[in-house]
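Have a look at the structure below before the remarks.
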Amino acid sequence: MYIDNNTTKLTKSEKIKQFFIKNLDIIYFIVILSIKSFNFNKFISPVYFNYFYIGAATISAVGVFASIALLFKNNTRTRLLYIFNIVLSVLIIVDTVYYRYFKDLMSLGVVRNGFLLGGVGASVKELIKPTDFLYLLDIFILIPFLRFYKKVPRIQLKFIKRFAIFLIVFAIFVAVDAKKIHDLDKEQPRLISTMFNRLYLAQVLGPINFHILDTYNVTSTAVSNMQKLPEERQNEIKTYLENKNSNTTTTANLKGAGNGKNLIVIQVEALQEFVINKKLDGQEITPNLNRWINKSLYFNNYFYQVAAGNTSDAEFLSNNSLYPAASGAAYYMYSGDTLNSMAKEFKEKDYYTAALHGYREGFWNRNVMYKSEKFDDFYGQRAYNINENVGLGLSDKSFLNQSFDKIKSFSQPFFAFTITLSSHYPYDDVNGYDKGTTNKFNSGKYENTLLGDYLKGIHYTDEQLGMFLDKLESSGMMDNSIVVLYGDHYAIPKNSMPLLYDFEGIKNPTDLDWFELQKVPMLIHFPKDEHKGINSLYTGQIDLFPTIANLYNLSNKYMLGKDMLNSSTGDVNFRSGSFTDGNAFYVSWTNTYYDVKTKKVIPSTPALEAKKETTLTELQYSDDILNHNLLKKFLQEDSENKSNK
Ligand code: GP9
Ligand code: MN
110 MYIDNNTTKL
120 TKSEKIKQFF
130 IKNLDIIYFI
140 VILSIKSFNF
150 NKFISPVYFN
160 YFYIGAATIS
170 AVGVFASIAL
180 LFKNNTRTRL
190 LYIFNIVLSV
200 LIIVDTVYYR
210 YFKDLMSLGV
220 VRNGFLLGGV
230 GASVKELIKP
240 TDFLYLLDIF
250 ILIPFLRFYK
260 KVPRIQLKFI
270 KRFAIFLIVF
280 AIFVAVDAKK
290 IHDLDKEQPR
300 LISTMFNRLY
310 LAQVLGPINF
320 HILDTYNVTS
330 TAVSNMQKLP
340 EERQNEIKTY
350 LENKNSNTTT
360 TANLKGAGNG
370 KNLIVIQVEA
380 LQEFVINKKL
390 DGQEITPNLN
400 RWINKSLYFN
410 NYFYQVAAGN
420 TSDAEFLSNN
430 SLYPAASGAA
440 YYMYSGDTLN
450 SMAKEFKEKD
460 YYTAALHGYR
470 EGFWNRNVMY
480 KSEKFDDFYG
490 QRAYNINENV
500 GLGLSDKSFL
510 NQSFDKIKSF
520 SQPFFAFTIT
530 LSSHYPYDDV
540 NGYDKGTTNK
550 FNSGKYENTL
560 LGDYLKGIHY
570 TDEQLGMFLD
580 KLESSGMMDN
590 SIVVLYGDHY
600 AIPKNSMPLL
610 YDFEGIKNPT
620 DLDWFELQKV
630 PMLIHFPKDE
640 HKGINSLYTG
650 QIDLFPTIAN
660 LYNLSNKYML
670 GKDMLNSSTG
680 DVNFRSGSFT
690 DGNAFYVSWT
700 NTYYDVKTKK
710 VIPSTPALEA
720 KKETTLTELQ
730 YSDDILNHNL
740 LKKFLQEDSE
750 NKSNK
């Protein structure tokens, strides 16, 4: 029905009435979806929920959908809003059910990859509650009203006017929403690009904004994936990868030393090298690790190489021997890629593979990524009895005790990848750290500082690790297992470095001093304490997989790292473009070279410039591999070649 605005003169109240009737569908949509969204937020954050806190982000996200409908003619618009209502309500129901299980939000990656659970299973039937369907109640009630509303005469605007109104309304809602997103980005700088904590994002911005951002991130990665990389470039990368570790021979050092043995990897939260073999006021900080280091092959120049993906980058580097994403987190952005992971290679040898971490399954997108990394099972928070919290969540003590029981029951041979949690920034659970320790650690002059708290935290974790390793030994499990233990990343952020420089007795710190403090411990323990000693080669997390490949005779074809046991060069590259070869250290942000021994700034040489280029080339290769899902193609070609033979 078309009524022209100007033919009848309307009184003010009639005008308001007309406006209300004309926009009833829009108003209803914004109100009801906001209520539904608020309700979901109350459910996921019962303690902190606050209308004021979440109001603007929620209403503006709903408003963005509403404004899109403004582009259409009256009846189409109403129908479209009705469809939006159904879709968003179903989404909230799905999120509700998913949250009940994972304490997290459902993402597109989850839909694409499915998710991995270990030892636990639950059916949607058990998780869904009749009250969840209340989100759909109005959808049914609306049907007769919509029939009636269709017949109500409404002013029909021409497209150009509709478009103008759309632009204004859309711009207002987008501006408010963008401001809220920007505020969160300032408060938590890496959250939106890495999505490491989906739950928190939804608690602050609402579920609709979460899904908008998730969709945006996933589609933009997919779009860059679609652009084809020239064939030549693909071949160049493949050849580079094939040559990278091709020099390893059958006579290589410790080749096959792990054949048939289990592999237990322990990635320790915020464990750094500077605490190893150190004392504070006569107290050993990590007495247990020091003891185990003496029984192991210890790499004392092992660097973390993580970028925005933090813990997940440490996992990514170690399991795939590729660099972390240029921006965002590889665990989120590339969880849809085909990977040539450590678990995949162990599968080829008929190993059972499992990842173990006592925290929310969806954190860092682990439940999606572990599937791409081909782990058989993921034992996450739900597989553990959360009976004691220290730091961020389940205490290392309880986690390692429960993990020991799980590992003991694994069918052998196995590859177990465990990740600890308690020694997590800001290390303020000082009372928690006191719980496990036989003698409490006194941080002396660093008491009540971040560094002092960290020392307590890592001292606690050290004790738990010691008990875990001792148990592996006394149970006989170590006789048939290789244990690898390393730290995931820094403990002391840049703004707290003065404390660490003081602790280290460094007076006028340079960037080289900072870099040298970015080492993490790395030990490989062999049965019967074989091969123990110190290896001072400069190495990094990207080198773990090639090293394991040599020990277990796995294929070492698609790795950007080096075998630490068979390499004479200590090349370590960082995501920033900085690098070292063990002799020189290049700091990219000041374009400065340092001599590692003299600690002096040195001039650039053609050889160093060439290394700088190689670093950038390797980083670009890694990005190309991930952005264009090249391993899928390479592995496919390999299996075709194999079957043709
Ligand atoms: C939680 C954990 C923490 O699951 O691994 O990650 P981080 O904040 O250290 O990157
Ligand atoms: Mn971490």
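Numbered by the working numbering, the letters in the sequence shown go through residues 110 to 754 in order. Even glycine gets a Cβ: it sits at the ideal position worked out from N, Cα and C.
Quick one: is residue i buried, meaning 16 or more other Cβ sit within 10 Å of its Cβ, or exposed?
| i | result |
| --- | --- |
| Arg307 | buried |
| Asp113 | A caution first: Asp113 carries a pLDDT of 46, below 50, which makes its placement in the model too unreliable to give a value. |
| Met335 | exposed |
| Asp514 | exposed |
| Lys350 | The amino acid at residue 350 is misidentified as Lys; the sequence shows Leu. Buried is the call here. |
| Phe174 | buried |
| Phe128 | exposed |
| Trp401 | buried |
| Pro239 | exposed |
| Asn326 | buried |
| Asp704 | exposed |
| Glu470 | buried |
| Ser676 | buried |
| His737 | buried |
| Gln511 | buried |
| Leu740 | buried |
| Asn356 | exposed |
| Phe683 | buried |
| Gln650 | buried |
| Ile139 | buried |
| Ser520 | exposed |
| Tyr160 | exposed |
| Lys708 | exposed |
| Ala178 | buried |
| Met110 | Note that Met110 scores 41 on pLDDT, short of 50, meaning its location in the model is unreliable; the coordinates nonetheless yield the value given after this. Answer is exposed; the Cβ neighbour count stays below 16. |
| Arg475 | buried |
| Glu378 | buried |
| Tyr157 | exposed |
| Glu482 | buried |
| Ser748 | exposed |
| Leu530 | buried |
State the beta-bridge partners of residue i as determined by DSSP.
| i | result |
| --- | --- |
| Tyr407 | Leu632, Ile643 |
| Ala463 | Asp486, Ala525 |
| Asn498 | Leu503 |
| Thr699 | In DSSP, Thr699 forms no bridge with anything. |
| Thr61 | Residue coverage of the chain in this structure runs from 110 to 754, which leaves residue 61 outside it and unanswerable. |
| Ala287 | According to DSSP, Ala287 bridges with nothing at all. |
| Thr689 | Val681, Phe694 |
| Asp704 | Ala693 |
| Ile711 | Tyr702 |
Exercise for review: Could you name the residues whose beta carbon sits closer than 6 Å to any heavy atom belonging to the ligand MN, keeping them in chain order?
Suggested key: Cβ atoms closer than 6 Å to the ligand MN belong to Glu378, Ala379, Asn419, Thr420, Asp597, His598.
Review point. Is the segment 545 to 562 close to the segment 477 to 494, with three or more CB pairs under 8 Å?
Key: Result no; under three Cβ-Cβ pairs closer than 8 Å.
**Study point:** Runs of alpha helix (DSSP H) lying entirely within the segment 126 to 205, each at least 4 residues, in chain order
**Key:** Unbroken alpha helix (DSSP H) runs of no fewer than 4 residues, entirely contained in the segment 126 to 205, are found at 133 to 153, 160 to 178, following chain order.
Review point. Between the segment 627 to 639 and the segment 601 to 616, are three or more C-beta pairs nearer than 8 Å?
Key: Short answer: they don't touch.
Check your understanding: Would you call the segment 314 to 322 and the segment 194 to 205 in contact, with 3 or more CB pairs under 8 Å?
Key -> Enough Cβ pairs lie closer than 8 Å, so yes.
Point to revise | Within the segment 716 to 753, ranges of the alpha helix (DSSP H) (whole runs, at least 4 residues) | key: Annotation: the segment 716 to 753 contains the following complete segments of the alpha helix (DSSP H) (minimum length 4 residues), in chain order: 739 to 753.
Review point. Does the pairing of the segment 129 to 140 with the segment 172 to 188 give three or more beta-carbon distances under 8 Å?
Key: At 8 Å Cβ cutoff, the stretches touch.
Review point. In the segment 357 to 434, which residue ranges form an unbroken alpha helix (DSSP H) of at least 4 residues, counting only runs that do not cross its ends?
Key: Considered as a whole, the segment 357 to 434 harbours 396 to 403, 419 to 429 as its complete alpha helix (DSSP H) runs of no fewer than 4 residues, in chain order.
Check your understanding: Given 8 Å as the limit, is there contact between the segment 658 to 673 and the segment 433 to 443, that is, 3 or more CB pairs closer than that?
Key -> A contact between stretches requires three or more CB pairs, one per stretch, nearer than 8 Å, and the segment 658 to 673 fails this requirement with the segment 433 to 443.
Practice item. Starting from the N-terminal side, write out each stretch of the alpha helix (DSSP H) that is 4 residues or longer and does not extend beyond the segment 236 to 285. Key: Complete alpha helix (DSSP H) runs here, min 4: 243 to 260.
Exercise for review: Jot down the residue ranges of each uninterrupted beta strand (DSSP E) in the segment 571 to 603, minimum 3 residues, whole runs only, in chain order.
Suggested key: Correct list: 590 to 596.
Practice item. State whether the segment 260 to 270 contacts the segment 393 to 411, with contact taken as three or more CB pairs (one from each stretch) at a distance under 8 Å. Key: The answer is no - the segment 393 to 411 does not touch the segment 260 to 270, with fewer than three Cβ pairs under 8 Å.
Review point. Using 8 Å as the threshold, is the segment 682 to 692 in touch with the segment 642 to 651, meaning 3 or more CB pairs across them?
Key: Result yes; three or more Cβ-Cβ pairs closer than 8 Å.
Practice item. Count the CB pairs spanning the segment 282 to 294 and the segment 155 to 171 that are closer than 8 Å, and state whether there are at least three. Key: By the C-beta criterion, the segment 282 to 294 is judged to be in contact with the segment 155 to 171, since at least 3 inter-stretch pairs fall below 8 Å.
Practice item. Check whether the segment 437 to 451 touches the segment 420 to 427, counting contact only when three or more Cβ pairs, one atom from each stretch, lie closer than 8 Å. Key: The segment 437 to 451, when compared against the segment 420 to 427, does touch it at the 8 Å Cβ threshold.
Exercise for review: Would you check if there are 3 or more beta carbon pairs closer than 8 Å linking the segment 520 to 529 to the segment 448 to 459?
Suggested key: Segments in contact, yes.
Practice item. Spell out a yes or no on whether the segment 575 to 586 and the segment 609 to 624 are touching, meaning 3 or more CB-CB pairs, one atom from each, closer than 8 Å. Key: Because the criterion of three Cβ pairs below 8 Å is not met, the segment 575 to 586 and the segment 609 to 624 do not touch.
Point to revise | Three or more C-beta pairs below 8 Å linking the segment 365 to 378 and the segment 535 to 546 | key: Counting C-beta pairs closer than 8 Å gives fewer than three between the segment 365 to 378 and the segment 535 to 546, which falls short of the contact rule.
Practice item. Evaluate the contact criterion for the segment 378 to 388 versus the segment 666 to 675: three or more CB pairs, one atom per stretch, below 8 Å. Key: The segment 378 to 388 vs the segment 666 to 675: no contact.
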